[in-house]
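In our numbering, the protein residues as written are 7 to 1021.
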């Protein structure tokens, strides 16, 4: 690996992060494991430089961080006006000031380009508050430049832009060495934000501002261009001028997210808080603690406590932990002390004197109140802590004498040791209430201060659903969107809120919202290299996985597998769900961990997982997923094929659909001939399932390529493809074209006969024959199927590949026989199809058997019995998503309801069917019956215009689809509509002659009634 030469300042590429690693190589390839940093920049503070050891492990990883761009304004004009050396010294001094401010807040200078500086915060060390650090550094730069810190007045001006988002760390080689660079859309946006800053100001994006809990003085200065636009006024993300950051406030509780939404699912915790606060005015102090992971709603609960306190006349003071101050003695106390002093001013001019504090304690108190950290500098740390405790306890005792007081302590995990000691003293000596909250790592601290803390857990599904509904009450979300949010958030309150808010604009957002990603990124970034690699491997395995896979995977990617595993558990990244199952503590943690990997790293990890799972008890669907993501499409398709076979065997139609579409996407990665072959292969396999879902036309192009010989799969498969094309054309309303495909298939079978293919051809031939008003041919084809199976004990020796089409044909044939008034044979065929469908556990054919049975009773006038059967059939159709038969299920059920006088129920199911829209994809006789039911409903309600229009729609549908048989039905319906509203029906003799010729009994009966009424 090329040696990195340290920080250097050059005119074109200066002050970049250059670190020298052990193991020099000229290959230009990043090492698989991190190496020790040997040479560090001379101008970096030692404390920050120490954090860079092992930095190479961060390379080629995606991190959520804050980017800062600083640009010196007017430097070109200055360079023209000054001597070159003077200009250089001035620019260098300005750059040095900018670098120092960045280092003061543990940022890293990534690049110096002329008079511009790019820095990144939150990379090394990892820090949740990287946005705050960047903002503080930016304000310090601007303020120091304005104050003439570089020794020239009027001083140079700088404009700064800040934006947070995912970035990629990469090593970049050039002729002078190698640098670590930061790339990604976030870096590009940060540059856009900087362009919106006025000279001498800081601009910050709305995303970044949302990550800062402290009060910020913000003034909107513009908007970023939306994606795909160049204008800054087209509604993109807002950009603000950051005028100040206020750390002094101790009279409010900052929360992540919107504080206006109600607290849901925390009734027991809120009641505990309410009871404690209500008792404070009576002089009954108490302490309550809450623990919970990031985003669980701890700060929101404290905010609610502050609102309750105001309602009960209790004064509250906030002490909030801050990672910036976590190592600073008493770093969190100054705002709270100042606030208490101000609260006491109306009661006493000098609170220290009124509290009777001795001189040392008074000086300590004045130091806190004035923000002076160096009070009593000559004392030892232990003495300072003792005096501070005594001073603050005395102050709070004075406060309690004048007002009921509640102390709210947030983010206990960031509270420094000295402040915790003072809090313990307060708890023991001051009669006030304390409510404290922190993450699980602060459990011991909370227990010491408050006793056993209550644990905030994920919200139950009903509470989570309520929260989503309240957030979107002005524009309710669809049920499907809500279900997706519930599944992804898994009860985490902040996640529920963020997803519910973003769902209105981008359907639930694919990427994690910034606040969530920032919280999760902190936990992951704190892992060492071994644990990070294991975490990434686990994220490739999924939200949960077997413990044995964790152990084997750790051995594959870790130098110290046991230590890495322990580290993930201690960091609350993974946990044991059951004896042999391990899971991520939240599925969003798994999402965030997976998002840290580059595409190359993901391929590597999925390849490791594939090696791990092959030969194990993994499903083919799992193996296909990992093979695809490992960049092995051929292996992925092999597993996808086996997974599809398994799903077909289980009649899991939704899974088959998903597997087919996934296979189609995977095949796109192959070269065109191989891709076309694989698409056609899977299309033939999935066609029956897609037909059940009314999605069969998705495969038309691929199956047609096999049918016409463009893709060669052998003569047998070509015949099957031709029969399938006949079926597709019939469903699509083109039975004539279907007849042509069927003729080609029949010629194939004459040369190379096959019982399964012959059976399939006869079934499709029967469908087309009945549509083309050749009912006797349709029935003869179906009868022939039965004759072929007689010697096979109802198909037992042939298998489902022959029997299932036979069942379908018998069910359809029974419908045809009912229309031909051959009721005894219709009953036999219905019974046979029902028996075989039960025997072969084939739900689709069983539905058709039920439909034929209901139709038999409907045409026989047994409406109550027919209605019961049809209702059950419709429910089964919708439940199993057999949308190909949804129009006829709805049509026949509605006709039964209308005959039973249940018009309102008929209208409900018809409207629901129109909304689903399945009838638009099914251009067969089944859709005709939907139109007939709608027309008859309009007739029953006395709406002549609507009935006439719908009957005409039914007729046009049949004519457009080449449905000659049901064109006769539609003509009779149109005549019935005219007759119902006292309009002339015209001459029906030709129609009656044709119906008589075909022997369609229901139509003959209706025509005779029309003729009788006309007379």
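Cβ atoms here follow ideal geometry from the backbone N, Cα and C, with glycine treated the same way.
These numbers come from a predicted model, not from an experiment.
Q. Count the other CB atoms within 10 Å of the CB of residue 513; is the residue buried (16 or more) or exposed (fewer)?
A. Its pLDDT being 46, under 50, residue 513 is placed unreliably by the model, and the measurement read from it follows with that caveat. Burial call: exposed.
Test item: CB-CB of residue 311 and residue 269 under 8 Å: no
Since residue 222 sits in a beta bridge, which residues does DSSP pair it with? 251
query: What distance in whole Å lies between the Cβ atoms of residue 937 and residue 956, which are believed to be in contact at a cut-off of 8 Å?
result: 6 Å
Go through its chain and collect everything with a Cβ distance to residue 218's Cβ below 7 Å, but skip five positions before and after it. 137, 138 and 141
Discussion item. Tell me which residues share the same chain as residue 1007 and place their Cβ nearer than 7 Å to its Cβ, disregarding the 5 neighbours each side in the sequence.
Written reply: 825, 826 and 827
query = Between the beta-carbon of residue 229 and the beta-carbon of residue 246, is there less than 8 Å?
reply = no
Task: Beta bridge counterpart(s) of residue 603 as assigned by DSSP - done: 67
message: Which same chain residues end up closer than 7 Å to residue 816 when comparing Cβ atoms and leaving out the 5 residues on each side of it in sequence?
response: 788, 835, 838 and 839
Buried or exposed, going by whether 16 or more other CB atoms sit within 10 Å of the CB of residue 322?
buried
Q) How about residue 101 and residue 172: do their beta carbons lie closer than 8 Å? A) no
- Relative to the alpha-carbon of residue 607, which residue among 540, 967, 313 and 737 has its alpha-carbon at the smallest distance? 540
- Assuming residue 286 and residue 410 form a contact by the criterion Cβ under 8 Å, report the distance between their Cβ atoms to the nearest whole angstrom. 4 Å
Could you work out which residue in 641, 853, 485 and 76 is closest to residue 108 when comparing CA atoms only? 76
* **Neighbourhood of residue 363 by C-beta, 7 Å cutoff - its chain only, sequence neighbours within 5 removed** => 371, 397 and 400
ask   = residue 103 and residue 150: beta carbons closer than 8 Å?
value = yes
Exercise. Is there contact here, the region 350-359 with the region 445-461, by at least three beta-carbon pairs under 8 Å?
Worked result: no
Q) Which residues in the same chain as residue 633 place their Cβ atom closer than 7 Å to its Cβ, once the five residues preceding and following it in sequence are excluded? A) 616, 641, 642 and 645
As a quick exercise: from 935, 920 and 927, pick the residue whose alpha carbon is nearest that of residue 899. 935
(message) Does residue 726 pass the burial test, meaning 16 or more other C-beta atoms within 10 Å, or should it be called exposed?
(response) buried
Determine the contact status of residue 660 and residue 691, defining contact as a CB-CB distance below 8 Å.
no
Residue 560 and residue 546 closer than 8 Å at C-beta: no
* To do: Give every residue of the same chain whose Cβ lies closer than 6 Å to the Cβ of residue 940, excluding the five residues on either side of it in the sequence, and list them in chain order.
  => 916 and 956
- Query: How long is the line joining the alpha carbons of residue 369 and residue 338, rounded to whole angstroms?
  - Reply: 18 Å
*Across which residues does DSSP place residue 188 in a beta bridge pair?*
175
Inter-residue Cα distance where the pair is residue 1011 and residue 845:
37 Å
Exercise. Mind checking residue 897: buried by the 16 CB within 10 Å criterion, or exposed?
Worked result: buried
- What does residue 163 pair with, by DSSP beta-bridge criteria? 79
Should residue 367 go down as buried or exposed, given a rule of 16 or more other Cβ atoms within 10 Å for buried?
-> buried
Quiz item: Any contact of the region 665-675 with the region 714-721, i.e. 3+ C-beta pairs under 8 Å?
Solution: no
Practice prompt. Using a threshold of 8 Å, state whether the C-beta atoms of residue 876 and residue 931 are closer than that.
Written response: no
Using 8 Å as the limit for Cβ to Cβ distance, is residue 534 near chain D?
As a matter of chain content, chain D is missing from the structure shown, which is built from one protein chain.
| query | Among residues of its own chain, excluding the 5 on either side of residue 240, which ones have a beta-carbon nearer than 8 Å to its beta-carbon? | reply | Only weak support is given to the placement of residue 240: the predicted model assigns it a pLDDT of 49, under 50, and the question is left unresolved by the model.
Return the residue from the list 477, 533, 271 and 823 that minimises the CA-CA distance to residue 508.
477
(message) Quick check on residue 524: buried or exposed, where buried means 16 or more other Cβ atoms within 10 Å of its Cβ?
(response) buried
Taking buried to mean at least 16 other C-beta atoms within 10 Å of its own C-beta, is residue 1002 buried or exposed? exposed
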